[in-house]
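Residue 34 in full-length UniProt numbering sits at position 34 of the sequence shown; the count goes up by one each step and never skips. A short worksheet on the structure shown next.
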Amino acid sequence: MKVRYFEQTDTLLIELKDAPVTETRDLDENTVLDVDQNGNICAITIEHASKRAGIPQFSYEQGCRLRAV
Numbered sequence: 001m002k003v004r005y006f007e008q009t010d011t012l013l014i015e016l017k018d019a020p021v022t023e024t025r026d027l028d029e030n031t032v033l034d035v036d037q038n039g040n041i042c043a044i045t046i047e048h049a050s051k052r053a054g055i056p057q058f059s060y061e062q063g064c065r066l067r068a069v
């Protein structure tokens, strides 16, 4: 997974998986989903990201793995 912020255009790109994109879906006028042939999300693009996603406060935390019981 890659998360990139383009300050010049105020665009946040979240790439979830590296797969060929077969369709782009507009969620709203500033949010776009790229999906593969199976409908799985490959990437999310958010325009005007600093106003919508709290860019200066961005942090990453990896959760623990769940074990089967």
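For glycine and all other residues, C-beta sits at the position ideal for the given N, C-alpha and C.
Just how far apart, CA to CA, sit residue i and residue j?
i     : j     : result
Phe6  : Arg25 : 21 Å
Glu15 : Asp34 : 9 Å
Thr11 : Asn38 : 26 Å
Lys2  : Asp28 : 22 Å
Glu47 : Val32 : 9 Å
Per DSSP, residue i is paired with what?
i     : result
Glu47 : Thr11
Glu23 : Val35
Asp28 : Thr31
Is it true that the CB of residue j sits closer than 8 Å to the CB of residue i?
i     : j     : result
Asp36 : Thr45 : no
Asn30 : Arg4  : no
Out of the options, state which residue places its alpha-carbon closest to the alpha-carbon of residue i.
i     : options                       : result
Lys17 : Asp28, Thr11, Ala43 and Asn30 : Ala43
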